[in-house]
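Going line by line, the protein sequences match chains A and B. The opening position of the first sequence corresponds to residue 0 in numbering that gives the first Met the number 0, with each subsequent residue numbered one higher. The opening position of the second sequence corresponds to residue 0 in numbering that gives the first Met the number 0, with each subsequent residue numbered one higher. Notes follow once the structure below has been shown.
2 protein chains.
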Amino acid sequence: MSSPNVSVPHRRTRSDHASETAEDYVEAIAEIVEERGTCRVVDLATRFAVTHVTVSRIVARLVSLGLVETEPYQPVRLTEAGRKLAKRSKHRHDIVYKFLLALGVPAKTAAIDTEGIEHHVSPETLKRFEDFTARATAD
Amino acid sequence: MSSPNVSVPHRRTRSDHASETAEDYVEAIAEIVEERGTCRVVDLATRFAVTHVTVSRIVARLVSLGLVETEPYQPVRLTEAGRKLAKRSKHRHDIVYKFLLALGVPAKTAAIDTEGIEHHVSPETLKRFEDFTARATAD
DNA sequence: GGGTGATTGTAGCCATGGCTACGGATTAAA
DNA sequence: TTTAATCCGTAGCCATGGCTACAATCACCC
């Protein structure tokens, strides 16, 4: 066997994982800017519990993706594309989180699980989550 | 800043991702052995839509983790630890899949989303999934 | 036995995201 | 202004999991 079978819907790939990271970071940048006014590398390092070196390299990747703008030793800013992606990510994040709460999952656990789950929920499933939450909270 | 903040529950780490891969692989090996009697590297390559080289290296890692046994040019076998992990993984996988079905997600989408979600569901949330499925299918 | 095709191994490349170590830049305080 | 602390960049290491290219092994048939 030389080339992989293309028609297999099974695996999240490397690039999937990189996209998840991008979404997590732009979402975090938007939140931090909301809270503190600006977002520095060190803020992201704290948020994600990694060193500033790791953040720097991921931010560099986001710059090359056109999601973020930086100047040396300056705060990190989102581009328009970055803001849009952050908004979409936050929207999906919120739907998943409220869904887990509506299901009866404790807030703390729901927050953690949402982080892991959000990138793997298809639009179709997300719609079911919304429907369930709407019905459950209407009581 | 030099060392990362430890008390942040935010991120799936590299080792998390490696564990997910291990679970996916032992689960796949168990399934393939169930279906075909033995599991070869090429079967896993087809299943995960990657080349045999990638499979070989991941299998080598599973061997070093004590989950799998191999001899050169021979099929891949699970150790007792591997079988136990596969069983737990399949159990969780099934719960998530049935939950999505019970929620009204189409089978095909549910199968795909389960692949992504299963590794990020805490025991607490998993229990809620089970409860919901039980109630929904009791109708 | 010899050949052919499928399977597996090995070498070596890349991207991503972890890290330490160290040095430069910035900022605020003395 | 100098000094100290904080922040950021760079160099360079590692693990994981993608890949191509090529070699070796195995199984099977002639």
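Don't be surprised by glycine CBs; every beta carbon is placed ideally from N, CA and C. If you're wondering where the values come from, they're calculated on a predicted model, not measured in any experiment.
| Check | Outcome |
| --- | --- |
| C-beta contact flag for Leu64 of chain B and Ile94 of chain B at 8 Å | no |
| Cutoff 8 Å; reference Val62 of chain B; Cβ partners in own chain excluding five residues on either side | Glu68, Thr69 |
| Three-way DSSP call (helix, strand, coil) for Glu70 of chain B in this model | coil |
| Continuous alpha helix (DSSP H) assignments of at least 4 residues falling wholly in the region 50-114 of chain B | 51-63, 79-102 |
| Whole-Å CB distance - Glu30 of chain B paired with His118 of chain B, under 8 Å assumed | About 17 Å separates the two Cβ atoms, so there is no contact after all. |
| heavy atom of the ligand ZN below 7 Å from Val40 of chain B C-beta | Annotation note on the ligand ZN: not contained in the displayed structure, which lists no ligands. |
| Cα-Cα separation, Lys89 of chain A to Glu129 of chain B | 27 Å |
| Beta-carbon gap between Ala27 of chain B and Leu43 of chain B smaller than 8 Å | yes |
| Proximity winner among B:Pro122, B:Ala85, B:Ala137, relative to Tyr32 of chain B (alpha-carbon distances) | Per the sequence shown, the amino acid found at residue 32 of chain B is Val instead of Tyr. Nearest option by C-alpha distance: B:Ala85. |
| Partners in chain A for Val104 of chain B, counting only beta-carbon separations shorter than 7 Å | Glu123, Thr124, Arg127 |
| Residues of the region 38-64 of chain B whose Cβ lies closer than 7 Å to any Cβ of chain A, in chain order | Val41, Ala44, Thr45, Arg46, Phe47, Ala48, Val49, Thr50, His51 |
| Outcome for Gly36 of chain B when other beta-carbon atoms lying within 10 angstroms are tallied against a minimum of 16 | exposed |
| Per-residue burial, Ala17 of chain A [other beta carbons within 10 Å of its own, 16 or more giving buried] | exposed |
| Selection from A:Val120, A:Arg127, A:His92, A:Ser121 that minimises the alpha carbon distance to Lys110 of chain A | The sequence given here places Ala at residue 110 of chain A; Lys does not occur at that position. Of A:Val120, A:Arg127, A:His92, A:Ser121, the residue nearest in Cα terms is A:His92. |
| Within-8 Å CB hit, Arg13 of chain A to chain B | no |
| Straight-line gap, Gly115 of chain A to Thr113 of chain B (C-alpha atoms, nearest Å) | 13 Å |
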